[in-house]
Amino acid sequence: MPVESVLAAIRPLFESPIISKCAHNANYDMTVLTGQGISFSNVDFDSMIAAHLLGRPAIGLKNLSLDVLNHEMTPISDLIGKGKKQVTFDQVEIEVAGKYAAADADMTGRLRSTLESPLARDGLDLLLTDLEMPLVPVLVRMQRHGIKLDAGALHEMSQDLNQQMYQVEEELYRSIGHRVNINSPLQLSDLLFKELGLKPTKRTKTGYSTDANSLEDLKELHPAVKLILEYRQVSKLKSTYVDALPDMINPETGRVHTSYNQTGSATGRISSNDPNLQNIPIRTELGRQVRRAFVAQNAPEWQLFSADYSQIELRVLAHMSQDSGLLDAFRRGEDIHSSTASLMFEVPINDVDSEMRRIAKVLNFGVIYGLSPHGISQQTGFSREEGAKFIDNYFSKYPGISEYLDSVKFKARADQYVATLIGRRRYLPDINSGNFNVRGGAERMAVNMPIQGTAADIMKAAMIRVQSRLDEEEMRTKLLLQVHDELVFEVPREEMELLKNLVFDEMPAAIDLDVTLKVDVKWASNWGDME
DNA sequence: GGCTATTGCAA
DNA sequence: TATTGCAATAGCC
362 MPVESVLAAI
372 RPLFESPIIS
382 KCAHNANYDM
392 TVLTGQGISF
402 SNVDFDSMIA
412 AHLLGRPAIG
422 LKNLSLDVLN
432 HEMTPISDLI
442 GKGKKQVTFD
452 QVEIEVAGKY
462 AAADADMTGR
472 LRSTLESPLA
482 RDGLDLLLTD
492 LEMPLVPVLV
502 RMQRHGIKLD
512 AGALHEMSQD
522 LNQQMYQVEE
532 ELYRSIGHRV
542 NINSPLQLSD
552 LLFKELGLKP
562 TKRTKTGYST
572 DANSLEDLKE
582 LHPAVKLILE
592 YRQVSKLKST
602 YVDALPDMIN
612 PETGRVHTSY
622 NQTGSATGRI
632 SSNDPNLQNI
642 PIRTELGRQV
652 RRAFVAQNAP
662 EWQLFSADYS
672 QIELRVLAHM
682 SQDSGLLDAF
692 RRGEDIHSST
702 ASLMFEVPIN
712 DVDSEMRRIA
722 KVLNFGVIYG
732 LSPHGISQQT
742 GFSREEGAKF
752 IDNYFSKYPG
762 ISEYLDSVKF
772 KARADQYVAT
782 LIGRRRYLPD
792 INSGNFNVRG
802 GAERMAVNMP
812 IQGTAADIMK
822 AAMIRVQSRL
832 DEEEMRTKLL
842 LQVHDELVFE
852 VPREEMELLK
862 NLVFDEMPAA
872 IDLDVTLKVD
882 VKWASNWGDM
892 E
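Residue numbering for the first sequence follows my numbering, starting at 362 and increasing by one per position.
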């Protein structure tokens with residue numbers, strides 16, 4: 362790649378407000394180039410993603426070059442430094458930056474040639490060219506749009522939480538008679554299990570566990586335990602979200618711009634970091650308050666709009682296992698957990714009570730994760746033996762699922778890998794291990810990956826279709842976020858009906874399964890008030 | 001400042 | 001001794 366053409370390409374990018382993020386994410390410069398539709402930088406992703414699809418651990422371009430081509434590249438830290446003295450990429454002399462970018466482009470081109478035949482051999486070439494690569498510009502545009510955050514609301518919340526934490530802290534100190542660092546599991550363990558003499562319920566590899574599950578059992582035994590749980594909840598939300606997110610607002614755009622990692626997960630999901638916008642709280646009222654700080658620009662004329670796949674993983678399981686009970690339940694449009702409860706407890710679906718549904722729901726989740734009697738007992742509160750009975754019952758009512766899971770594990774043992782519906786692979790070298798724990802872990806991964814990964818493949822196809830339609834229709838609607846089974850948009854009210862129809866058309870059409878994919882939509886001026 | 005362990009947020 | 005992630009904190013070197 363001639364250095365001059367790279368220079369010409371990146372010069373205007375130095376005007377871009379988002380480029381300053383390069384200091385946090387060395388690949389972001391390439392991301393930006395790709396986002397501008399500059400073809401040479403696509404090869405960067407091409408080779409990185411190709412290597413990922415071939416089962417290489419997610420390593421950067423520099424390592425990949427050393428690994429595959431035995432060529433040592435100049436690290437980005439030579440340009441921007443590292444740690445405290447690190448500068449942003451736009452501070453680098455443009456001639457130096459250009460050479461660096463050209464080296465990236467050159468090396469990735471060479472890597473691509475090397476990886477081409479292994480890709481085709483394993484049937485992964487279309488996955489790369491027709492799914493992953495077309496997704497790159499979609500992700501880049503989402504990153505560049507960012508999402509607006511109500512920093513004032515979070516700042517106010519921070520003050521409130523300060524008060525709340527102070528009060529809980531004081532009450533705790535009064536209750537135990539001295540100060541303690543509640544953020545230290547070590548100090549907490551000493552306090553609870555030595556000083557207060559409570560009986561530990563669970564062990565970690567270094568001592569006794571003080572996680573929320575363990576503390577739940579001790580809640581009634583000493584008033585300090587409840588206070589610790591309360592403090593934990595508040596301090597978690599405050600440090601991870603309320604205080605951290607406002608600092609991530611880009612001063613140029615006034616919005617937060619996440620980075621999506623397309624090569625980070627073993628199942629084919631994309632991940633989000635810096636900040637992670639795929640784990641914004643919702644389950645508690647305090648958490649929902651954090652979510653409300655994500656707002657539509659120019660609300661209420663503009664709205665945030667969410668479209669999510671309903672029960673996509675269980676629908677994928679129904680298709681892949683061809684279990685008639687599960688397929689029929691979806692075809693009848695039933696509430697799937699109630700339907701499972703109806704089967705398991707042999708009552709009409711209308712006679713299913715909340716406890717029966719709760720247990721069925723645990724089993725339906727469990728089957729996707731590779732369920733174990735212990736896991737079921739943990740989640741349900743029943744004994745391990747009861748958990749085992751639930752599992753036996755579940756499989757006897759869904760024989761197709763049982764046979765499917767057996768066949769996946771059998772094939773994994775023979776092939777040393779499992780795959781999604783469209784051929785994405787996960788290698789499982791431990792599947793034949795002599796160690797019961799190691800092998801069991803690999804079996805759960807074998808069961809989970811084809812389901813979670815197929816759902817991820819479907820969402821990726823949907824994102825490409827949706828963005829392409831938004832472009833065709835010349836809509837002002839922006840795709841902002843992906844949260845695994847959910848897409849979040851920013852939409853002007855005039856386009857709301859159009860957008861609804863668009864996602865109802867495009868998301869279910871991403872793949873042809875023996876069950877239809879259901880999409881639910883909701884909207885509001887912020888992300889927390891939907892539904 | 002880097003590393004590991006623990007904890008907890010989401011799908 | 002349930003799947004996939006990211007990140008904050010403590011405590012060590």
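Just so it is clear, CB atoms sit at the ideal spot from N, CA and C, and this is done for glycine as well.
Computed from a prediction, not measured in an experiment: that's the story for all the values here.
Exposed or buried, which one is Lys555 when buried takes at least 16 other CB atoms within 10 Å? exposed
If we count the other Cβ atoms within 10 Å of its Cβ and call it buried at 16 or more, is Glu804 buried or exposed? buried
Output needed for Thr815: all residues of its chain with C-beta closer than 6 Å, excluding positions within five of it in sequence on either side, in chain order. Val677, Thr781 and Leu782
Looking only at its own chain, which residues have a Cβ that is under 6 Å from the Cβ of Gln672, when we skip the five neighbours before and after it? Ile697
How is the beta strand (DSSP E) around Asp881 delimited, first residue to last? Lys879 to Ala885
Can you tell me whether DSSP reads Asp689 as helix, strand or coil? helix
I need the boundaries of the alpha helix (DSSP H) containing Leu831, first residue and last residue. Phe797 to Glu833
DSSP on Pro612, reduced to helix/strand/coil? coil
Chain-order list of residues whose beta-carbon lies under 6 Å from that of Ala679 (same chain, five-residue window excluded): Leu687, Leu688, Phe691 and Val876
Would you say the segment 464-472 touches the segment 423-442, given that touching needs at least three Cβ pairs under 8 Å? yes
Based on the DSSP output, what are the partners of Gln664 in its beta bridges? Val852
The alpha helix (DSSP H) with Val457 in it runs from where to where? Ile455 to Arg482
Rounded to whole angstroms, what is the Cα-Cα separation between Gly484 and Leu415? 10 Å
Cutoff 7 Å; reference Leu841; Cβ partners in own chain excluding five residues on either side: Met503, His506, Ile508, Val849, Phe850 and Glu851
Ala817 and Ala871: beta carbons closer than 8 Å? no
Enumerated in chain order, which unbroken segments of the alpha helix (DSSP H) with a length of 4 residues or greater are wholly contained in the segment 551-606? 573-579 and 584-598
For His735, does the count of other Cβ atoms within 10 angstroms reach 16, so buried, or fall short, so exposed? exposed
Chain-order list of residues whose beta-carbon lies under 6 Å from that of Glu892 (same chain, five-residue window excluded): Lys883
With a CB to CB cut of under 7 Å and the five nearest residues on each side skipped, what residues in its chain are close to Val404? For Val404, the predicted model reports a pLDDT of 43, less than 50, meaning its position is unreliable and no value from the coordinates is stated.
Could you work out which residue in Ala807, Thr490 and Leu422 is closest to Ala462 when comparing CA atoms only? Leu422
Hey, how far is the Cα of Ile399 from the Cα of Pro498? With a pLDDT of 34 at Ile399, under the threshold of 50, the modelled position of that residue is not reliable, and the figure given next carries that caveat. One C-alpha to the other measures close to 10 Å.
Considering only C-alpha positions, which residue in the set Glu867, Gln828 and Arg786 is nearest to Arg482? Arg786
Could you tell me how far apart the beta carbons of Leu606 and Pro561 are, in whole angstroms, since I believe they sit closer than 8 Å? With 8 Å as the limit, Leu606 and Pro561 do not qualify as a contact, their Cβ atoms being about 35 Å apart.
Whole beta strand (DSSP E) elements within the segment 501-539, 3-residue minimum: 508-510
At the level of alpha carbons, what is the spacing between Ala585 and Val501? 48 Å
Residues bridged to Phe655 (per DSSP): Leu510
Beta-bridge partners of Ala780, as assigned by DSSP: Arg786
Just the C-alpha distance for Leu425 and Lys750, rounded to the nearest angstrom, thanks. 48 Å
Under the three-state reduction of DSSP, which class applies to Ser733: helix, strand or coil? coil
How is Gln843 classed by DSSP in three states: helix, strand or coil? strand
Just to confirm before moving on: does the CB-CB distance between Gly538 and Leu598 stay below 8 Å? no
Can you give the beta carbon distance from Ile752 to Ile729, rounded, assuming they're within the 8 Å contact cut? About 13 Å; that fails the 8 Å criterion.
Closest residue to Asp604 among Leu510, Glu477 and Glu834 (Cα-Cα distance): Leu510
Name, in chain order, the residues that DSSP records as bridge partners for Val617. Ile508 and Ile610
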